[in-house]
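Numbering (our numbering), first residue to last: 267 to 371.
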């Protein structure tokens, strides 16, 4: 699942990895990756942008949250959420923090 419309892959490695039957080492590794992604998001995005990305792509919940659900949560339109998402993804594409993190993984 790419995170942006042009097929970029900013945080999709979490989605591509299968974690079924993983041992304690894999669980620790997965948590370290999640923490690294959160740190990279914190370094680049505003609080609202970060929350939209975390909810939209299921990085803080058990699954992805639809834009309409996020819009209700923030009392703005789904189009407004999409604008926030696109702005955040643009920042992430050009972020040195995230690129360095992904290069280290």
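Note that the Cβ used here is the ideal one computed from N, Cα and C, for glycine as well.
Computed from a predicted structure; not experimentally measured.
Notebook entry, point to check: Since residue 361 and residue 318 are thought to touch, with beta carbons under 8 Å apart, how far apart are those beta carbons, to the nearest angstrom?
Noted result: Residue 361 sits at position 95 when you count from the first residue of the chain shown. Residue 318 sits at position 52 when you count from the first residue of the chain shown. At roughly 16 Å, the Cβ-Cβ gap does not stay under 8 Å, so residue 361 and residue 318 are not in contact.
Next item on the list: Could you check what DSSP says for residue 339 in three-state terms: helix, strand or coil?
Entry: Here residue 339 refers to the residue found at position 73 of the chain shown. DSSP, read as helix, strand or coil, puts residue 339 in helix.
Notebook entry, point to check: Under 8 Å between the Cβ atoms of residue 344 and residue 326?
Noted result: Against the chain shown, residue 344 aligns to sequence position 78. Against the chain shown, residue 326 aligns to sequence position 60. No; because the gap between Cβ atoms is not below 8 Å, this pair is not in contact.
Next item on the list: Compute the beta-carbon to beta-carbon distance between residue 350 and residue 315, rounded to the nearest angstrom, for a pair I have assumed lies under 8 Å.
Entry: Position 84 of the chain shown, counted from the start, is the residue given in the question as residue 350. Position 49 of the chain shown, counted from the start, is the residue given in the question as residue 315. The beta-carbon separation of residue 350 and residue 315, rounded to 6 Å, stays under the 8 Å limit for a contact.
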